[in-house]
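S.K.:
Number of protein chains: 6
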Amino acid sequence: MKDIYIADLANFNEGALLNGFFLVLVKQQRTTKTNKPYLNLILGDKTGQIEGRVWDPSDPRIAKDFDKGDVVKVRGSASHFDDRVQMKIDQLRVALPNEVEKSDLLPSTTYDVAELWSQLVSVVASFTNPDLKGLLSTLFDDPKLAQAFREAPAAKGLHHAWLGGLLEHVISLLTLGDSVAAHYPLLDRDLLLTGVILHDIGKVRELSWVSGFEYTIEGSLLGHIHIGSVLVERAMDKLPDFPPKLKTLVLHMILSHHGKLEFGSPKLPMISEALVLNFLDDLDAKMQAITSEFDKCIRDGKPADELTGKVWSLDQRQLLNTKRWLNEGKE
Amino acid sequence: MKDIYIADLANFNEGALLNGFFLVLVKQQRTTKTNKPYLNLILGDKTGQIEGRVWDPSDPRIAKDFDKGDVVKVRGSASHFDDRVQMKIDQLRVALPNEVEKSDLLPSTTYDVAELWSQLVSVVASFTNPDLKGLLSTLFDDPKLAQAFREAPAAKGLHHAWLGGLLEHVISLLTLGDSVAAHYPLLDRDLLLTGVILHDIGKVRELSWVSGFEYTIEGSLLGHIHIGSVLVERAMDKLPDFPPKLKTLVLHMILSHHGKLEFGSPKLPMISEALVLNFLDDLDAKMQAITSEFDKCIRDGKPADELTGKVWSLDQRQLLNTKRWLNEGKE
Amino acid sequence: MKDIYIADLANFNEGALLNGFFLVLVKQQRTTKTNKPYLNLILGDKTGQIEGRVWDPSDPRIAKDFDKGDVVKVRGSASHFDDRVQMKIDQLRVALPNEVEKSDLLPSTTYDVAELWSQLVSVVASFTNPDLKGLLSTLFDDPKLAQAFREAPAAKGLHHAWLGGLLEHVISLLTLGDSVAAHYPLLDRDLLLTGVILHDIGKVRELSWVSGFEYTIEGSLLGHIHIGSVLVERAMDKLPDFPPKLKTLVLHMILSHHGKLEFGSPKLPMISEALVLNFLDDLDAKMQAITSEFDKCIRDGKPADELTGKVWSLDQRQLLNTKRWLNEGKE
Amino acid sequence: MKDIYIADLANFNEGALLNGFFLVLVKQQRTTKTNKPYLNLILGDKTGQIEGRVWDPSDPRIAKDFDKGDVVKVRGSASHFDDRVQMKIDQLRVALPNEVEKSDLLPSTTYDVAELWSQLVSVVASFTNPDLKGLLSTLFDDPKLAQAFREAPAAKGLHHAWLGGLLEHVISLLTLGDSVAAHYPLLDRDLLLTGVILHDIGKVRELSWVSGFEYTIEGSLLGHIHIGSVLVERAMDKLPDFPPKLKTLVLHMILSHHGKLEFGSPKLPMISEALVLNFLDDLDAKMQAITSEFDKCIRDGKPADELTGKVWSLDQRQLLNTKRWLNEGKE
Amino acid sequence: MKDIYIADLANFNEGALLNGFFLVLVKQQRTTKTNKPYLNLILGDKTGQIEGRVWDPSDPRIAKDFDKGDVVKVRGSASHFDDRVQMKIDQLRVALPNEVEKSDLLPSTTYDVAELWSQLVSVVASFTNPDLKGLLSTLFDDPKLAQAFREAPAAKGLHHAWLGGLLEHVISLLTLGDSVAAHYPLLDRDLLLTGVILHDIGKVRELSWVSGFEYTIEGSLLGHIHIGSVLVERAMDKLPDFPPKLKTLVLHMILSHHGKLEFGSPKLPMISEALVLNFLDDLDAKMQAITSEFDKCIRDGKPADELTGKVWSLDQRQLLNTKRWLNEGKE
Amino acid sequence: MKDIYIADLANFNEGALLNGFFLVLVKQQRTTKTNKPYLNLILGDKTGQIEGRVWDPSDPRIAKDFDKGDVVKVRGSASHFDDRVQMKIDQLRVALPNEVEKSDLLPSTTYDVAELWSQLVSVVASFTNPDLKGLLSTLFDDPKLAQAFREAPAAKGLHHAWLGGLLEHVISLLTLGDSVAAHYPLLDRDLLLTGVILHDIGKVRELSWVSGFEYTIEGSLLGHIHIGSVLVERAMDKLPDFPPKLKTLVLHMILSHHGKLEFGSPKLPMISEALVLNFLDDLDAKMQAITSEFDKCIRDGKPADELTGKVWSLDQRQLLNTKRWLNEGKE
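Protein chains in written order, with my numbering: chain V, 1 to 331; chain F, 332 to 662; chain P, 663 to 993; chain A, 994 to 1324; chain W, 1325 to 1655; chain Y, 1656 to 1986.
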């Protein structure tokens, strides 16, 4: 386990020594005003990012063979520069394969992934439609896909942007979807929940979470909607008797889940299950973004009667934390 | 009780005599090509509308004193004109006050209103916030308002456009809202459900349901959002110690429930309860519109693999009835 | 070969007898004002549509077993009704399999399909990229797909809405694309022309051209962009060493060819070949729509200095036929 | 009266001593790179804002009990930092209640408020409609409301953003409105001018002008349109015989005065007086914004043939000062 | 003078003989169901339009040489067809040059054109800027242009769509513009009023008012903004010392007067005079449209508490006639 | 010829002496923190811009009489400041008229202008329409206009933003236009190519390229579409028998070439030649912007699998360089 986190460095005394594992997010060659080469690094862990400087890259204690995406062990000292903290690095080596856990280096879900996974499995087990149950079982029998599904973030930056974020988002939607399916007789529950589970499955290839969260070239050019629908279509093709109508409906749910053409769905929801999926997906993403924003305000010490900053995924709106505001002065 | 409904007239033989109560929706003086005056009426009941002609308005068997909005008893015969059915009217008199029930003359909810009302009452009883419970009790202690709330349609034409539609819509939202409030710890359940109950209360004065569903002048110029917020603000003003913060939050939920400025909300949702209210309100209205559209397709004898007509409240989209399509050929 | 075409019926004398093959586009059961059943048909051939009435469906000379999509032989007489011509049908039977050619019953390209096809083949033969050449050869080695590609219309109604329209449109784009590829060194010619050939291939399943041009349910719910990209992706998967980068680029061209998210492309063009494809596709569709509109004006006898009607695919714009206007009075 | 204004500080010599009253707009606790605490203040007066630093907050000459919104007397010295001027503060105490006038600390109208007010009063006196005259008299008989109306800015930042700005804007509109009412016989002058006077009255509670110009929470969540319409509706409710139709019309003018739903009006103008109010309000706000922008260009020494910067309230347009440009070279 | 107007025909008895002058708006050759040729005409005068039928075009009493745009004298009888009145024409000849006045045949301003013109002249006489005064004098010294300016409608259909409408609109704007120029010291009065007079001058060639109001081909392809700016630029070019800056400003006012790019102005208003011109032009057009709409409601016998139909130039809004509604029941 | 270029300064050693000609883009008077006056200059040449400081403006070696737009010779030394290079200037004088070529001081086309010009001339020579050939010859017989046409940039910053850019863009479009005209029989080649040559001719007065690329006041207020159409209209007016129809068509092509009202065209393309001109103009501008962006990525050392930055003229899209990416690893 890591014992120093970037979030803690702000409280270090000027010049204190430190020693720890970090992920290399950016590595740049630069020169000083007096033309001396140095390395500028951006290092990250699950709590944040920090700039690091290697003023003498030729020092034998500085590894030569590391690159963006590597985990490194560094020794150095923190110093304040303007209002930022910067790290001066004296030693640096590439970490051994299992010296540190990935979940310490990138932000992760606060939920127990195994627990989330077993909830997913039990929802699938509850399906009465054998074809949909078979489809999901087949997909998750692929251990590589299942592992990626457990690890993937739900987004690059807007909501659930952490390891396990996709799974966390799906589980939240399954609970909501179950309630809504029970409420409207029109809805086919298994179809709706299949859509919930599969709508973002293309993110396992659209995003890369090796060094920070980034789009792959394939992800940028094709998008998770296409990637996911092809992945699911292939799985259905392999099932001998998967009903063609059901296939069209499942694919339609993936294609239309963004709800608007201008959000990148090539089709608008044309069945009630797709409409509901779009609503719940949007609602859950926004509720998560609000929760994160409120947490940030508390961390930043903002008073309860101050609105949040402008929230990108809510059209730059500023929000008020109802419960906190109502309780203000009562505590 | 009425014994002849407009929906049944299409099956009448040419010229068959008929006799029944109808609501006068439109009354126009016209002249024939040979310059003879006649009356053109549009008559309605809960099942639809029909054109009626009084070819001799001076006939003593035709009342002189009736007008738009009156209930009348007519005797005449059905005839086919192009593809429409028309009624030739021989006798017409204004109905006595209790000869026929309003719910026979305008479309009404298919639910038991008393049952819906008791669900509403029990939700309010479950509130733990005494101020919100007090506000709702006070409002519904006004028997005139409570009666209007039970009668009002939820809209003029888009969704729940029938007597009792507002209450039916609110009850549906209460169930959904309760599930969602339980799902997100961020949400203040009582505040959310108060918003659910009050968001459309201004419709009791925006709409008139005397002769068909129409906007009042006040409704057209001020809108149900303003009317409702003022109505609720007055009720809060009368409660001695209603907390000012809570007042602001309740009013904000009414003002922002359309979710977008261009839909007539003067403020966007800025608290999570308002955001959820907007989502659920929109979802429930759309699900109801889809249900009506699917019912219409079945009534019109459309095959299961034909999309619906273009649905106005879903941006002119055409929809597919999932369950019916999947079951096609299986029955 | 057919010897009577709908476009010619306008010049028939009232009541003249006629006899010919037509496609049944619509078949409806109706009743007269006096409650007698009759059949209302919409019949089509490649020159247009006409309404037909069977006043006595029980007549033994009227087949009982025909339906929408069938080709029928009818005997009857033309009559004028308001400003329309209508056909009164006395005899009707289903046509034998090869009594009439499909291309007489639906509008078709005026080009020689075999000639267009050989142009396509020779463009593919000119490719220097072996992977793209292999991909296209593989696809068109499937005789069913090749046949559908030769038959498909390019659209349901906007442009090239006739049998062979897709191929005609593709050939026009190949010529343009070749010029543009030669003009800009940035462009990879084979990639651009592959995109030209494959961009609309999903239309072979999005549209049905059995009885008029219609969307299939699969087409409505998934769209030709998805259908085409999956079809092409499968073909690439079967080629042992198709380069993954090239695969991403080809799929990107199909996905992005509508050029805007709101036109149903889930991705905007992000490579120069995709940008050019979108421009040329749009330009050719509009030029074809203008040509059709100008032809229609001439057929309708409009003078050269009168603008066309409002053209749907050009934002309801009205156009002027330059050459015709400049030559007016010179002839 | 204040004798030092922030706008004058730019001309101070480095290190010159100064001594004056300012409004505390922001107060932040910070630490230096060497971990010493200091205070960062933003101080304002009617001419601008300046950053102030208290490097030793424990100094007994620095008051401990002041906060944002307080008026303070400070003694210190000006110093240049990059291109900005900063104040180093040696002494600081809270000002006594009447040591300095509010109008010295926040930007104020350049007009005589008493004069503006008497113009308003005489316009009301000229009304021939007794109900509207009564309504306005009643409202302004409330001395607290009348005082707030005289003090309020018209906006937080876009136009008339100074004390007395609301009144100045209203007076300008009354002159314009009077001309336009005389020009179009369709218009009811008293109704139009009532709308002019009351359209922004909700700003007295939407905005706070204690420490700079800020939105209140109530203002953010409800908006001045709602606040104003409720305030006016209450006043009408208290008048025994205020005609209901007139009430609807006055409220409609307040609700619709932004002219577009997307600008926060829940209703579009549906009477000609509301349409005119929206036009004049918009015109006057823009003309004021242009005037301010032209004044700024002159203050900044821009030549007459240089366009202004991009003006936010005119869609980022750049403007040319006609008179100045035409006179250039003539002086 | 004409003695029969189309608006009066509705009250004619079936078959009554009539005799009068009309403008031929449309002339079409048609054939009856029994293949006999007949003429379908649309005839107009200043009060409306009517359909006319010549059932026997070979009758020697029917002129052979008339066409669209001609004034004709017809004799025939009125008959009712469905709810419309139609004229059966027995005799028809082309009118002699001065048998009837143009102002009887097309809708005209209700103002005295000579009076409007003298108001325009006296405004120009009041200018203090000699260059602008010279420009306007020069333009209107051209008798053909001056005559066209007095005759032109202001629009094809939206507002002031009658002979003299342009001049009427300009005079209304001059009064408004004079008030506004006096109100804002920023404004150059003569420049503003020059813009008012010239902004729509291109309509004298954009529109044709020979047979109804129509766009010329030049008007359709170039638009009145271009036509007008070129016309004015040429006039300035001919004035020996017209100041170049003033030229740019006058042209800018014409180019920008629609106020938005999407309304066809190639430039947004960038000087305050252009901004004001756009506001007043828009306001006056809308006020005139509202006045026409209210007049129509009264003519159609609508009650005072019924909203108007949807007004095209006000985004399909429905309006309420304030004064009429407030007076309802008082008369 | 210049021997030092700004792009080379980054590689200078700290403090190295330098000596060269530059264009003064900005000249500002400033004072240091200790109140000493100094000059801040922005100097440019065809390779970029650099900040220069004259710390002692009173030094006799510093010219007093230079201004923005002048070419100056400076002597000084480069120094690094943060990550930028800055020049400390010791001597400065205004350059003599022919000491340095304009094309060294502003970015220029990399093509041979004489060669481009002769291509233009030969295209005009190929015209078969004598009127259009005459129009173009007349225009370019004006040596001042021809020279400006050879020098002008095509835009201020988006595409072809360099001396000769307009001509380079026109030549590129002529080649494309010739291909497209040959492809569609509908098109009048000479009219299309006339539109290509003249569409942006107004830029010779909209832009100024004396000191950097800037809009003139005339350009800002009138725009190149108006300026160009007037310039061309005047030329046609001078040709004795230029056909009026052709005049309308040529002007329409200039007015409509931006393709959308919101892009500043007062008319949409209404003839097929105008539609094609708009397509090709847009395509060529975008292809050039992409080429520049790809060149920039290579200069900046970005890897082939990294997308470009957000491209302004492509809606902030990021692009991939196909050929470079496919070749990556193959070299």
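A virtual CB, placed ideally from N, CA and C, is assigned to each residue, including glycine.
1. Based on the DSSP output, what are the partners of residue 729 of chain P in its beta bridges?
2. Have a look at residue 66 of chain V and residue 850 of chain P and give me their C-alpha separation to the nearest angstrom.
3. Can you tell which of Y:1968, Y:1962, Y:1967 and Y:1849 has its C-alpha closest to the C-alpha of residue 1977 of chain Y?
4. Taking just the CA atoms, how far does residue 1779 of chain Y sit from residue 1890 of chain Y?
5. Ignore the nearest five residues each way along the sequence and tell me which others in residue 103 of chain V's own chain have a CB closer than 8 Å to its CB.
6. Report the neighbours of residue 1313 of chain A on chain Y: residues whose CB is nearer than 9 Å to its CB, in chain order.
7. Keeping to the same chain, check which residues put their C-beta closer than 7 Å to that of residue 1867 of chain Y; ignore five residues upstream and five downstream.
8. Excluding the 5 residues preceding and the 5 following residue 530 of chain F in the sequence, name in chain order all residues of the same chain whose CB lies nearer than 8 Å to its CB.
9. Can you name, in chain order, every residue of its own chain whose Cβ lies under 7 Å from the Cβ of residue 967 of chain P, other than the five neighbours on each side?
10. Could you tell me the distance, in whole angstroms, from the CA atom of residue 219 of chain V to the CA atom of residue 1914 of chain Y?
11. Could you please tell me which residues of the segment 592–610 of chain F, in chain order, have their CB closer than 8 Å to any CB of chain A?
12. Below 8 Å, how does it come out for the segment 949–956 of chain P and the segment 973–983 of chain P: are there three or more Cβ pairs, yes or no?
13. Identify the residues that DSSP records as bridge partners of residue 1043 of chain A: which are they?
14. Does residue 1639 of chain W have its Cβ less than 7 Å from a Cβ in chain F?
15. Can you give me the Cβ contacts of residue 405 of chain F inside the same chain, cut-off strictly under 6 Å, excluding the 5 residues immediately before and after it?
16. To the nearest angstrom, how far is it from the Cα of residue 535 of chain F to the Cα of residue 186 of chain V?
17. Return the chain-ordered list of same chain residues with a C-beta closer than 8 Å to the C-beta of residue 1615 of chain Y, the five sequence neighbours on each side being excluded.
18. Among all the DSSP beta bridges, which residues are the ones paired with residue 749 of chain P?
19. Would you call the segment 590–600 of chain F in contact with the segment 1253–1262 of chain A, where contact means no fewer than 3 C-beta pairs closer than 8 Å?
20. Using three-state DSSP, classify residue 1143 of chain A as helix, strand or coil.
21. Starting from the Cα of residue 791 of chain P, find the closest Cα among P:837, P:823, P:738 and P:855 and give me that residue.
22. Please identify, using Cβ separations under 7 Å, the residues of the segment 1882–1913 of chain Y that lie next to chain W, in order along the chain.
23. For chain V, find out if any of its Cβ atoms is closer than 7 Å to the Cβ of residue 1987 of chain Y; answer yes or no.
24. Do you know offhand how far residue 54 of chain V's Cα is from residue 1718 of chain Y's?
25. Spatial neighbours of residue 1863 of chain Y within its chain, please: C-beta separation below 6 Å, excluding the five flanking residues on both sides.
26. Please determine, among Y:1694, Y:1658, Y:1952 and Y:1876, the residue with the shortest C-alpha to C-alpha distance to residue 1713 of chain Y.
27. How would you call residue 603 of chain F, buried or exposed, if buried means at least 16 neighbouring beta carbons within 10 angstroms?
M.R.: From the atom records:
1. For residue 729 of chain P, DSSP assigns no beta-bridge partner whatsoever.
2. Note on geometry: alpha-carbon atoms of residue 66 of chain V and residue 850 of chain P lie some 36 Å from one another.
3. Checked all of Y:1968, Y:1962, Y:1967 and Y:1849; the closest Cα to residue 1977 of chain Y is Y:1962.
4. Residue 1890 of chain Y and residue 1779 of chain Y: Cα-Cα distance of roughly 16 Å.
5. When the five nearest sequence neighbours on each side are left out, the beta carbons in the same chain lying within less than 8 Å of the beta carbon of residue 103 of chain V are those of 46 and 163, in order along the chain.
6. Residues of chain Y passing the Cβ test: 1872, 1875 and 1876.
7. Cβ neighbours of residue 1867 of chain Y beyond the five flanking positions: 1680 and 1699.
8. 559, 584, 585, 588, 608 and 612.
9. Excluding positions up to five away in sequence, the list reads 987 and 990.
10. Rounded to whole angstroms, residue 219 of chain V to residue 1914 of chain Y spans 33 Å at the Cα level.
11. Residues of the segment 592–610 of chain F with a C-beta atom less than 8 Å from some C-beta of chain A are 592, 593, 594, 595, 596, 597, 598, 601 and 602, listed in chain order.
12. Cβ pair count under 8 Å is three or more, so yes.
13. For residue 1043 of chain A, which the question treats as bridged, DSSP gives the partners A:1036.
14. So, not an interface residue.
15. Closer than 6 Å at the Cβ level, and outside the excluded window around residue 405 of chain F, lie 420 and 423.
16. Using only the alpha carbons, I get a separation of about 29 Å.
17. Not covered by the structure: residue 1615 of chain Y. The range shown for chain Y is 1656 to 1986.
18. DSSP output for residue 749 of chain P lists P:714 and P:740 as bridge partner(s).
19. Contact between the segment 590–600 of chain F and the segment 1253–1262 of chain A is present, because at least three Cβ pairs lie under 8 Å.
20. Under the three-state reduction of DSSP, residue 1143 of chain A is assigned to helix.
21. Taking only the C-alpha atoms, the option nearest residue 791 of chain P is P:855.
22. From the segment 1882–1913 of chain Y, only 1884, 1885, 1888, 1903, 1906, 1907 and 1910 have a Cβ closer than 7 Å to chain W.
23. The requested residue 1987 of chain Y does not occur in the structure, where chain Y is confined to residues 1656 to 1986.
24. Rounded to the nearest angstrom, the two C-alpha atoms are 45 Å apart.
25. Hits under 6 Å: 1869 and 1871.
26. It is Y:1694 whose Cα lies nearest to the Cα of residue 1713 of chain Y.
27. Under this definition residue 603 of chain F is a buried residue.
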